[in-house]
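Under the UniProt record's numbering, residue 335 is the last one in the sequence shown; the count climbs by one each step, no gaps. Notes for the one structure printed next.
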Amino acid sequence: MAKVGLSAVAEAAGVSEATVSRVVNNPSVVASETRRVVEEAMRRVGYTRATHGSLVLLVTPGLRDPFFAHLADRIAAALGLQGLRAVICSAPVGGTQELDFVGAMVDAGAVGVVFVSASNTLEEAEPAVHRLLTSRGIPFVCINGNFPGVPAPALSTNDLMASELAVDHLWRLGHRRIGLAAGPIGNRPSELRVEGFIAALRMRGDDGPFHVVRHEYSIEGGISATNALLDDSPLTAIVGASDEIALGAVRAVRRRGLRVPEDLSIVGYDDVYPLDYTDPPLTSVRQPVERLAEAVVPVLTRLLKHRTVHRGELLFEPELIVRGSTAVPSDRVDD
């Protein structure tokens, strides 16, 4: 037997789906007579709601990427400690599948949503998702970016600082020809990492040209971006916008008969792989996954209780973890 959704209740009660959603999730904001009518309709059509206050949807662009998988896992664990159950939705960023998942889970009784680097990272995000949640009265929290123009709470890694940490480390080692294998255009964290990279070099007196190649967050993307960078200029160091990109850079460098770090230093970003065991152990800028996960829960629970929260972006500081993929530049390039 198919599960009865909010639309059936709304039709039976003669009210909107948004009103039914508010009765399910925030009954205190609904007039008592309206609430009585909706609850009676629920009984007539056989609507079964999830345990109130327990179901939270985590929306992520994919669990293949170890960063997203690790962050979603830590958020789910933190929610569980507060009696909240996490349902993880893996969907392409900004696609109709994400909207469909969110709508289905709201119908199933989800009381809150956490966007884990999902469509909230797009600089031109489709507004349908947050409009749906707003119309249903469902609170949501964003991680690593916010929907443009939407005053929702967001918890993000300071990507400008992350680029500064990577460039500062390489600059102190003596590198002056540094490239960036960045993420895709239109992705807000990627744009910030590029902005921070260029700002860090300019602050040190480097006015360009700046060596930046954009590609997808993957090992294959790292290989392609690194080849493009090295075909264009004899660099001594490359910053990868993710650990996967950086590991792809290592592979591309070795295919050219070069060594890491003797001939070219490489820095990654995220630090969620077991990077002590890569060859060489990868220097990486660590995103504060545990702190982000722990901070989500109190923000979301305050929203569920209709309490005031900071409506904007809170930044969390990353940390540079130095390993064996960076070193003083060789004499291969004369500055």
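Beta carbons are placed, not taken as given, at the ideal position from N, Cα and C, and that holds for glycine. Nothing here was measured: the structure is a model prediction, and the numbers come from that model.
### Task
Please report how far the alpha carbon of R256 lies from the alpha carbon of S90, in whole angstroms.
C-alpha separation (whole angstroms): 36 Å.
### Query
Do the CB positions of T283 and I238 come within less than 8 Å of each other?
Cβ distance not < 8 Å, so T283 and I238 don't count as in contact.
### Start-to-end residues for the alpha helix (DSSP H) that takes in G137
Looking at the DSSP string, G137 is not in any alpha helix (DSSP H), and its letter there is neither H nor E.
### Query
Counting only runs that start and end within the segment 294-330, where is the beta strand (DSSP E) found for 3 or more residues in a row?
Qualifying beta strand (DSSP E) stretches, in chain order: 313-316 and 319-321.
### Message
Please classify D100 as buried or exposed, where buried requires at least 16 other C-beta atoms within 10 Å of its C-beta.
### Response
Under this definition D100 is an exposed residue.
### Query
Enumerated in chain order, which unbroken segments of the beta strand (DSSP E) with a length of 3 residues or greater are wholly contained in the segment 212-244?
Whole beta strand (DSSP E) segments, 3+ residues: 237-240.
#### Entry: Proximity to E39 [Cα-Cα], best of L58, H70, L6 and G62
Checking every option, the nearest Cα to that of E39 belongs to L6.
### Message
Residues in the same chain with beta-carbon distance under 8 Å from A327, minus the five sequence neighbours each way, listed in chain order, please.
### Response
Once the five neighbours on either side are set aside, the close Cβ partners of A327 are L173, P261, E262 and S265.
### Through-space distance from V129 to P151, alpha-carbon basis
Rounded to whole angstroms, P151 to V129 spans 14 Å at the Cα level.
### Query
Pick from M203, L235, A181 and D231: whose alpha carbon is nearest that of G221?
G221 has its Cα closest to that of A181, out of M203, L235, A181 and D231.
### Query
Looking at C-beta atoms only, is the number of pairs between the segment 271-278 and the segment 199-212 that lie closer than 8 Å three or more?
Touching, no, given that fewer than three Cβ pairs across the two stretches are closer than 8 Å.
### Unbroken stretches of the beta strand (DSSP E), 3 residues or longer, contained in the segment 72-126
Taken in chain order, the complete beta strand (DSSP E) segments of 3 or more residues contained in the segment 72-126 are 85-90 and 112-116.
### Query
So, helix, strand or coil for L155, using DSSP?
If DSSP states are grouped into helix, strand and coil, L155 belongs with the strands.
### Query
Taking R193 as the reference, which of C142, A166 and L81 has the closest Cα?
It is A166 whose Cα lies nearest to the Cα of R193.
### Query
Taking C-alpha atoms, which residue in V4, A228, A199 and G186 lies nearest to R43?
Ranked by how close their Cα comes to the Cα of R43, the residues V4, A228, A199 and G186 have V4 in first place.
### Query
Quick one, are the C-beta atoms of W171 and R204 less than 8 Å apart?
One thing to note: W171 has its Cβ within 8 Å of the Cβ of R204.
### Message
Quick check on DSSP: helix, strand or coil for L264?
### Response
Coil, per DSSP.
#### Entry: Boundaries of the alpha helix (DSSP H) in which S284 is found, first to last residue
Careful: S284 lies outside any alpha helix (DSSP H), inside the beta strand (DSSP E) at T283 to R286.
### Query
Is the segment 110-125 in contact with the segment 138-145, if contact means three or more CB pairs nearer than 8 Å?
Yes, they touch.
### Message
Let me make sure I understand the geometry here. Which of P298, T278 and D159 has the alpha-carbon closest to that of E317?
### Response
The residue with the shortest Cα to Cα distance from E317 is D159.
#### Entry: Cβ neighbours of L304 in the same chain (closer than 7 Å, five flanking residues each side left out)
Short of 7 Å from the beta carbon of L304, and not among the five residues preceding or following it, lie these beta carbons of its own chain, in chain order: G53, V111, G112 and P139.
### Query
Counting along the chain, where does the alpha helix (DSSP H) carrying I198 start and finish?
Following the DSSP letters along the chain, one finds I198 inside the alpha helix (DSSP H) bounded by residues R188 to M203.
#### Entry: Proximal residues to P329 (C-beta, below 6 Å), its chain only, five neighbours per side dropped
Closer than 6 Å at the Cβ level, and outside the excluded window around P329, lie G174, H175 and T236.
### Query
Can you find at least 3 beta carbon pairs, one from the segment 69-79 and one from the segment 290-301, that sit closer than 8 Å?
Touching, per the Cβ criterion.
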